[in-house]
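>
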Amino acid sequence: MRREIFETDHDLYRESVAAFLKREVVPFHDRWEKDGIVPREVWTKAGEVGILGLGVPAEYGGSGTDDFRFNAIVAGEICRVGASGLGFGLQNDVMAPYLVRLTTEEQRRRWLPGFASGELITAIAMTEPGAGSDLQGIQTTAVRDGDHYVLNGQKTFITNGINADLVVVVARTDPGAGAHGISLLAVERGMPGFERGRNLDKIGLKAQDTAELSFTDVRVPAANLIGRENAGFVHLMTNLPQERLAIAVSATAGSEAVLDQTIEYCKNRTAFGRPISRFQNTRFLLAELATEIDLARTYVDRAITLLNRGELTPEDAAKAKWWTTELANRVMDRCLQLHGGYGYMMEYPVAKAWQDARIQSIFGGTTEIMKEIVGRSLGL
């Protein structure tokens, strides 16, 4: 089904992104997978061609337009070439709303130019060893002391955790206020007491640096408060729909890419004297996957339109997130099966895609949490 949400500017931008990935990413990604990290110079090169800073006003060096269709193009092209190590999505889709909409003029001038150029890599630290999808369970604390907050706690599974120069930390500033006592603090590289642990060894997303972070009596200037004190939970809930839609965009694009690869494989792979695409079981399975992906794409495109209009609800974003990520896991698994033994070999893209896709139904809120959000919206 022909997509109708993109215009000429988007098509030209897609060509630019695809050319950048072909030139600066694809030839080197296998090396980055072994290294467990993407070099910082790739970020600055991406900034030079306008892949970073989407949604950032032009006066700070950004795109100057708040149009999530451009974000979707970046995510889709990255998925098409399997460049899962790039943390650009976190920068553009997750962090930009916090640093553009919740910051003061002084903060914007201090952070956004580097954010758009790729010189300032960012991360958000929500998850803790004992608190994942339940953000109200966080134990990290920030106690006001004059012109500073004294920050103590631990975070884990932090994307861009090794490379990040600025980490927005979710901390409890009023221990007795529950969800109404959480704030967001920007912790910068080099602040005494801010330490990075190991680069975590994951099942997939091998080139994406994911770290443990610790904060011991870190004195964070009050000028680094993001948004309003004790309003952090509200800020998080406001921005989570875009984050979850971004995951849905990647899950759907990844499913499309692997399905296309598998169709070509089935046309060329023979068994019992004929291509395996000629067997009814293969055709039916591919037909089912193609149909489900088209239906998912239609819903996701509609969600992108609603987000651009400021009308995407948390419930609709949750639906998109859980359905598309579960679909991605199913698509990767079925496509690997159609590859037979070769699907289990890392030289075939489907093997890496299968590994990388598994986390999508976990991060950004698990499938179970997404269903809980949807269920509550039904009055249950």
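Numbering (the numbering used here), first residue to last: 227 to 606.
All C-beta atoms in this analysis are idealised placements derived from N, C-alpha and C, irrespective of residue type, glycine included.
(1) Tell me, which residues are paired with Leu392 by DSSP?
(2) Quick test of the definition: if touching needs 3 or more C-beta pairs under 8 angstroms, does the segment 234-246 touch the segment 534-553?
(3) For Leu377, which beta-bridge partners are listed by DSSP?
(4) Taking 7 angstroms as the limit between beta carbons, can you name the residues of its chain near Lys545, skipping five residues before and five after?
(5) DSSP three-state call for Glu259: helix, strand or coil?
(6) Hey, out of Leu361, Phe296, Ala477, whose CA is closest to Leu280's CA?
(7) What three-state label does DSSP hand Thr531 in the structure shown?
(8) Output yes or no for whether 7 angstroms exceeds the beta carbon distance between Val475 and Val526.
(9) Skipping 5 residues on each side, what residues in its chain have a beta carbon closer than 8 angstroms to that of Asp169?
(10) Check whether the segment 302-320 and the segment 337-351 touch, using three or more Cβ-Cβ pairs below 8 angstroms as the test.
(11) With DSSP as the reference, identify every bridge partner of Ala497, one or two as the case may be.
(12) Can you have a look at Met463 and say buried or exposed, based on whether 16 or more other CB atoms are within 10 angstroms of its CB?
(13) How far does the alpha helix (DSSP H) with Gly423 in it reach, from first residue to last?
(14) On the criterion of 16 or more Cβ atoms from any shown chain inside 10 Å, does Arg602 qualify as buried, or is it exposed?
(15) If you reduce the DSSP assignment to three classes, tell me which class Ala433 lands in.
(16) Do three or more CB pairs link the segment 328-343 to the segment 276-290 at distances below 8 angstroms?
(17) CA-CA distance, Leu426 and Phe232?
(18) Out of curiosity, what's the CA-to-CA distance linking Asp360 and His565?
(19) Measure the CB-CB distance between Glu421 and Ser440 and report whether it falls below 7 angstroms.
(20) Between Gly213 and Asp256, how many whole angstroms is the CB-CB distance? I'm expecting something under 8 angstroms.
(21) Using CA atoms only, rank isn't needed, just tell me which of Arg327, Met558, Gly276, Asn386 is closest to Thr436.
Reading it off the structure:
(1) The bridge partners DSSP lists for Leu392 are Thr348, Glu414.
(2) Because the criterion of three Cβ pairs below 8 angstroms is not met, the segment 234-246 and the segment 534-553 do not touch.
(3) The partner list for Leu377 (beta bridge, DSSP) reads Ala368, Val444.
(4) In its chain, beyond the 5 residues on either side, Val600 have a beta carbon closer than 7 angstroms to the beta carbon of Lys545.
(5) Three-state result, Glu259: helix.
(6) Taking only the C-alpha atoms, the option nearest Leu280 is Phe296.
(7) Helix at Thr531.
(8) Judged by their CB atoms, Val475 and Val526 are nearer to each other than the 7 angstroms cut-off.
(9) Residue coverage of the chain in this structure runs from 227 to 606, which leaves residue 169 outside it and unanswerable.
(10) Touching, yes.
(11) Paired residues: Arg500.
(12) Answer is exposed; the Cβ neighbour count stays below 16.
(13) Gly423 -> not in any alpha helix (DSSP H); beta strand (DSSP E) instead, spanning 420-425.
(14) Under this definition Arg602 is an exposed residue.
(15) Of the three classes helix, strand and coil, the one that applies to Ala433 here is coil, per DSSP.
(16) Touching, yes, given that three or more Cβ pairs across the two stretches are closer than 8 angstroms.
(17) Their backbone Cα atoms lie some 37 angstroms apart in a straight line.
(18) Going from the Cα of Asp360 to the Cα of His565 covers about 38 angstroms.
(19) In this structure, Glu421 lies near Ser440, with their beta-carbon atoms less than 7 angstroms apart.
(20) Nothing about residue 213 can be reported from this structure: the residues present for the chain run from 227 to 606 only.
(21) With respect to the C-alpha of Thr436, the residue from Arg327, Met558, Gly276, Asn386 having the closest C-alpha is Asn386.
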